[in-house]
Structures are given as structure tokens and as C-alpha cells.
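S.K.: Residue numbers (this note's numbering): -5 to 342. Got a structure for you, written out below as C-alpha cells; questions coming shortly.
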Ligand code: HEC
Ligand code: HEC
């Protein structure tokens, strides 16, 4: 290449980069984050439409967390030229500058109310967390490190439910987003992302799409694991129940999580029935056990602490201990049905 062409190329690329950073996503310099959600420029136009700018990709996961029946819209953005790496165990390592976005909203009489937006941003060494609460007029969302509550009314199965939705504070994020005391994302794993998504350009498997746009190097095959979903009625009752416990409990209930000392490990891949709670006596038999002896008593949901704690909305008893106010009745039914279907095994 002669010098003139080199200079022209350099000049054009500088202009291109400048334009891109003007119209593109903004990363906060200060790990404290921006005061307003709009300052990140993740979305364009009217903020409530949640219309992503170029480079911000919507995604979904096979087996999501229950959050008081809130609906979710998830997005990811990575800085130009960087990409994520898939680890051997199916987890994904994201580059510096990655932003993960999770919006929570409810529908009532066709109207959408967005209540909060949570961000995870990867700085040099670690992830930072940001809870944003939406203003009543839905014009923007403000950073609220202390969390808060928002009055919500929504429709579920022809019923109208009104309650005060709780947004966790900044310090509670790590209760769940925790592996050996390091704050990490939970959802974006190979098995969770291995599903079809309806992009504007058409339907595509998310892993293929991420690879195509340069967000991830991954060769999906028929061997690539797919996380089971508790909602998939084609799956047998045990896989559905274990998928539910994986998505809703295992981020704390594993050997590196914040419930590691309970000895109750609820990952889908856990093979030891005692670890799921079968005939397992609780570590601390306080109020949380409701007078029951074991976490799971085969064939007897009414004797199982696990069901007792899922049925409860008492903050000192309920499981998960944070992140919900309402009882997830469909899940209580599912887990109860699973326990009833187990082979008899009188717990000693
Ligand atoms: C009760 C446990 C719990 C708490 C508390 C919690 N999260 Fe999460 N979060 C999850 C789980 C589980 C997922 C993945 C499943 C899903 O998205 O439905 C997730 C997903 C996310 C995502 C999408 C990327 C990812 O990791 O999957 C973001 C962003 C996020 N959380 C931010 C936050 C922030 C910020 C806070 C604190 C204000 C917080 N979360 C508190 C459990 C929790
Ligand atoms: C935010 C983290 C977190 C999440 C999410 C969570 N738990 Fe827990 N869980 C704990 C902690 C911490 C303990 C130990 C203290 C206690 O018993 O209250 C515990 C204890 C328990 C126990 C008693 C276990 C024993 O043998 O001592 C049961 C049963 C239980 N959890 C069920 C569940 C179920 C079912 C879910 C999902 C629906 C769930 N938990 C989700 C943190 C969590």
C-alpha cells in the first residue's frame, strides 16, 4: 500500500470511529454509572419502546427466573471489535466493556408498565451492577442504588393482581450473581442461549447469530447442550421440576453460591438425590422448616420443607429469600407433582 492510500484509509477510519461513538452506546467512565438509563444510549427514539441501537442485540434464555410474573426483555452489547469466549463448561467469558441489560415489565389492559432495568457492566477486572427504576411517566429510569418499591397492577389468568413490586438494592445483586464471592452473569450460558430467536431479519438460533455478527466464536452442533425449560410440557415431570430448580434456585444453591453451606445443591446436572434434598435434614432447623423434618419427602409434598418454603411469602421463611413477593403457584404445583411421582422411600 502506498502512503497516500494509507493516509486516506486512516483518515476515513478515524471519521468512521468518531461517528460510531457519537451515535453508539456510551460506557460510563466512572464505575458509579450514569444517573439516567437514557445516558447509555442503548435504546433509540422513545425510551419506553426499548428499541435497541445498532449493535445492541436482544436475547432470550431457555429457562428464566420467576420474578413475580414480570415479563423480561434482555439485551447485550459488546464494544466494537471485541468478542466473547465460550468456556469448556458452557459458561461464557465476556470482554471488557460488555453491557448486559434486563428490563422488567407488566401488562395491564394492553398497557405496558416498565418497572425496572438492571445492568451488568464488565469493567477491567470485574462486573458492576446497576438497578434503574422507571419514572411513573415512563420517560426514563433513574439509578437507585438503594432499590425501592413500585406499585403494580397486572393481569394473570383472568385475575387482576395488585402489589408493591420490590427492586433489589445494589448489594443484593451479589446474593444471586455469585460464584465463590465473585460477581458474575447467570443467564448467558451456551445451554441457556441455545434456542431460536425471532430477529427483525428472521428466525435464527442465537448461538449462530452471535457467531455471525462476531459476538462469539462458537460452532453449534447437534451435541450442543440445550437447557430444559420447566414450561415445556413435552418434557417429563422430573426434568421440568429440575429445570425449574436450576433456573430459580441453583444460582445460590450450588457449591460456590451464597447458599453453599445449606448443602442443598439444585443444579440440573446434580446427580446425588441427597443433594437435591431427598430425605435431607436441613442445616438450620429454624422457623424456615415449618416443623417438617426433611427438604424432600418422596410422595409427600406436605412433609417437604422445599415446598413449604416455596409456598410461603413470609420474608423469614420463603425461598428464594429475595427477588419475589408473590408465590409462584404454577411452580409449587409442579414441584409437588414431581414429589408425588417419586418412588416411595420412607425417610429415616
Ligand atoms: C433472586 C436472585 C437475583 C437477584 C437478587 C438479582 N438477580 Fe440478576 N439475575 C438472576 C438470574 C437467575 C438471572 C438469569 C435468569 C434470567 O435472566 O431470567 C439474572 C439475570 C440478570 C441480568 C441479565 C444477564 C444475566 O446475568 O443473566 C442482569 C443484567 C441482571 N440479572 C442484573 C441484576 C442486578 C443489577 C441486580 C441487583 C440490582 C440483580 N440482577 C439481582 C438472579 C438475580
Ligand atoms: C438468594 C439466594 C437463594 C436463592 C435464590 C434460593 N435460596 Fe434457598 N437458601 C438460601 C440460603 C442462604 C439458605 C440457608 C439459610 C436458610 O435456611 O434460610 C437456603 C436454604 C434453603 C433450604 C433449607 C435447606 C437445608 O437443607 O438446610 C431450602 C429447602 C431452600 N433453601 C429451598 C430453595 C428453593 C426451592 C429455591 C428456589 C425456588 C431457593 N431455595 C432459592 C438462599 C437462596
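From the three backbone atoms N, C-alpha and C, an ideal C-beta is built for every residue, glycine too.
Can you give the beta carbon distance from residue 179 to residue 114, rounded, assuming they're within the 8 Å contact cut?
M.R.: Position 185 of the chain shown, counted from the start, is the residue given in the question as residue 179. Position 120 of the chain shown, counted from the start, is the residue given in the question as residue 114. Residue 179 to residue 114, Cβ: 6 Å. Contact.
S.K.: Could you confirm whether any beta carbon from chain B is found closer than 7 Å to the beta carbon of residue 119?
M.R.: Judged by its chain identifiers, the structure shown contains no chain B, having just a single protein chain.
S.K.: Verify the contact flag: residue 300, CB atom, against every heavy atom of ligand 2, threshold strictly below 6 Å.
M.R.: As a working note, residue 300 is residue 306 in the chain shown. Yes, since a heavy atom of ligand 2 falls inside the 6 Å radius drawn around the Cβ of residue 300.
S.K.: Which residues in the same chain as residue 264 place their Cβ atom closer than 7 Å to its Cβ, once the five residues preceding and following it in sequence are excluded?
M.R.: Counting from one through the chain shown, the residue named residue 264 turns up at place 270. 270.
S.K.: Quick check: what's the CA-CA separation for residue 176 versus residue 107?
M.R.: In the chain shown, residue 176 corresponds to position 182, counting from 1. In the chain shown, residue 107 corresponds to position 113, counting from 1. Going by the C-alpha atoms only, they are around 33 Å apart.
S.K.: When you compare only the Cα positions, how much space is there between residue 296 and residue 332?
M.R.: Within the chain shown, residue 296 is the residue found at index 302, counting from 1. Within the chain shown, residue 332 is the residue found at index 338, counting from 1. In a straight line, the C-alpha of residue 296 is about 13 Å away from that of residue 332.
S.K.: So who's on the other strand from residue 52, going by DSSP bridges?
M.R.: In the chain shown, counting from the first residue as 1, residue 52 sits at position 58. In DSSP, residue 52 forms a bridge with 69.
S.K.: Just to confirm, are residue 320 and residue 62 a CB contact at a threshold of 7 Å?
M.R.: Taking the first residue of the chain shown as 1, we reach residue 320 at position 326. Taking the first residue of the chain shown as 1, we reach residue 62 at position 68. Yes, the Cβ-Cβ distance between residue 320 and residue 62 is below 7 Å.
S.K.: Count the other CB atoms, across all protein chains shown, that sit within 10 Å of the CB of residue 194; report buried if there are 16 or more and exposed otherwise.
M.R.: Mapped onto the chain shown, residue 194 falls at position 200. It is exposed - the Cβ of residue 194 has fewer than 16 other Cβ atoms within 10 Å.
S.K.: Is the region 156 to 167 touching the region 68 to 77 in the sense that three or more CB pairs, one from each, lie closer than 8 Å?
M.R.: Because the criterion of three Cβ pairs below 8 Å is not met, the region 68 to 77 and the region 156 to 167 do not touch.
S.K.: Could you check the C-alpha separation between residue 16 and residue 207 for me, to the nearest Å?
M.R.: Against the chain shown, residue 16 aligns to sequence position 22. Against the chain shown, residue 207 aligns to sequence position 213. With a pLDDT of only 39 at residue 16, under 50, the local geometry of the prediction cannot be trusted, and no value is derived from it.
S.K.: Smallest Cα separation from residue 127: which of 142, 118 and 119?
M.R.: Along the chain shown, one-based indexing puts residue 127 at 133. Comparing Cα-Cα distances from residue 127 to each of 142, 118 and 119, the minimum goes to 142.
S.K.: Can you list, in chain order, the residues of its chain whose CB lies under 6 Å from that of residue 182, leaving out five sequence neighbours each side?
M.R.: Working through the chain shown from its first residue, we reach residue 182 at position 188. Around residue 182: 86.
S.K.: Run the proximity test for residue 208: is its beta-carbon closer than 6 Å to any non-hydrogen atom belonging to ligand 2?
M.R.: Here the question's residue 208 lines up with position 214 in the chain shown. No, since every heavy atom of ligand 2 falls outside the 6 Å radius drawn around the Cβ of residue 208.
S.K.: Can you tell me where the beta strand (DSSP E) holding residue 136 begins and where it ends?
M.R.: In the chain shown, the residue the question calls residue 136 occupies position 142. For residue 136, the uninterrupted beta strand (DSSP E) run begins and ends at 135 to 137, by DSSP.
S.K.: Give every residue of the same chain whose Cβ lies closer than 7 Å to the Cβ of residue 162, excluding the five residues on either side of it in the sequence, and list them in chain order.
M.R.: Locating residue 162 in the chain shown gives position 168, where the first residue counts as 1. Counting only Cβ-Cβ distances below 7 Å, and skipping sequence neighbours, we find 125, 141, 316 and 317.
S.K.: Given a cut-off of 7 Å on the beta-carbon distance, is the pair residue 37 and residue 100 in contact?
M.R.: Reading the chain shown from its first residue, position 43 is the one you call residue 37. Reading the chain shown from its first residue, position 106 is the one you call residue 100. Contact flag unset, no.
S.K.: If you drop the 5 nearest sequence neighbours on each side, which residues of the same chain put their C-beta closer than 6 Å to that of residue 244?
M.R.: Along the chain shown, read from residue 1 onward, the residue named residue 244 stands at position 250. Excluding residues within five positions, the ones whose Cβ falls inside 6 Å are 260 and 261.
S.K.: Are residue 192 and residue 56 close, meaning C-beta to C-beta below 7 Å?
M.R.: Mapped onto the chain shown, residue 192 falls at position 198. Mapped onto the chain shown, residue 56 falls at position 62. No, Cβ-Cβ distance for residue 192 and residue 56 is not below 7 Å.
S.K.: Pull the bridge partners of residue 277 from the DSSP assignment, please.
M.R.: Position 283 of the chain shown holds residue 277. According to DSSP, which records beta bridges pairwise, residue 277 is partnered with nothing at all.
S.K.: Can you tell me which of 75, 309 and 109 puts its alpha carbon nearest to the alpha carbon of residue 133?
M.R.: Position 139 of the chain shown, counting from 1, holds the residue named residue 133. Here the closest residue by C-alpha is 109.
S.K.: How should residue 151 be labelled, buried or exposed, when 16 other C-beta atoms within 10 angstroms of its C-beta is the threshold for buried?
M.R.: Your numbering for residue 151 matches position 157 in the chain shown. Result: exposed.
S.K.: Within its chain, find whatever has a CB closer than 8 Å to the CB of residue 201; leave out the 5 residues flanking it on each side and keep chain order.
M.R.: Translated into positions along the chain shown, residue 201 becomes position 207. Within the same chain, residue 201 has close Cβ partners 184, 187, 188, 210, 212, 214 and 218.
S.K.: Considering Cα atoms alone, identify which of 266, 251 and 256 is closest to residue 275.
M.R.: Your numbering for residue 275 matches position 281 in the chain shown. Out of 266, 251 and 256, 256 has the C-alpha closest to the C-alpha of residue 275.
S.K.: Have a look at residue 83 and residue 154 and give me their C-alpha separation to the nearest angstrom.
M.R.: Residue 83 sits at position 89 when you count from the first residue of the chain shown. Residue 154 sits at position 160 when you count from the first residue of the chain shown. Their backbone Cα atoms lie some 42 Å apart in a straight line.
S.K.: Counting only the same chain and skipping the five closest in sequence on each side, list residues whose C-beta sits under 8 Å from that of residue 119.
M.R.: One-based indexing of the chain shown puts residue 119 at position 125. Nothing meets the Cβ criterion.
S.K.: What residue range does the beta strand (DSSP E) around residue 196 cover?
M.R.: Here residue 196 refers to the residue found at position 202 of the chain shown. According to the DSSP assignment, residue 196 belongs to the beta strand (DSSP E) that extends over 196 to 199.
S.K.: Quick check on this structure: which residue in 105, 28, 312 and 23 has the alpha carbon closest to the alpha carbon of residue 131?
M.R.: Position 137 of the chain shown, counted from the first residue, corresponds to residue 131. Measuring from the Cα of residue 131, the nearest candidate turns out to be 105.
S.K.: Could you spell out where the beta strand (DSSP E) holding residue 128 opens and where it closes?
M.R.: Mapped onto the chain shown, residue 128 falls at position 134. Element bounds for residue 128: 121 to 128.
S.K.: To the nearest angstrom, report how far apart residue 80 and residue 205 are at their CA atoms.
M.R.: The sequence position of residue 80 within the chain shown is 86, counting from 1. The sequence position of residue 205 within the chain shown is 211, counting from 1. So the alpha carbons of these two residues sit roughly 11 Å apart.
S.K.: If you compare alpha carbons, which of 291, 294 and 284 is closest to residue 308?
M.R.: Counted from its first residue, the chain shown places residue 308 at position 314. For residue 308, the nearest C-alpha among the options comes from 284.
S.K.: Expressed to the nearest angstrom, what Euclidean distance is found between the alpha-carbon atoms of residue 298 and residue 330?
M.R.: Here residue 298 corresponds to residue number 304 of the chain shown, with the count starting at 1. Here residue 330 corresponds to residue number 336 of the chain shown, with the count starting at 1. If I take the Cα positions, the gap works out to 9 Å.
S.K.: Residues in the same chain with beta-carbon distance under 8 Å from residue 305, minus the five sequence neighbours each way, listed in chain order, please.
M.R.: In the chain shown, counting from the first residue as 1, residue 305 sits at position 311. Excluding sequence positions up to five before and after residue 305, its CB lies within less than 8 Å of the CB of 321 and 326, all in the same chain and listed in chain order.
S.K.: On the DSSP bridge list, what partners appear for residue 158?
M.R.: The sequence position of residue 158 within the chain shown is 164, counting from 1. BP columns for residue 158 point to 145.
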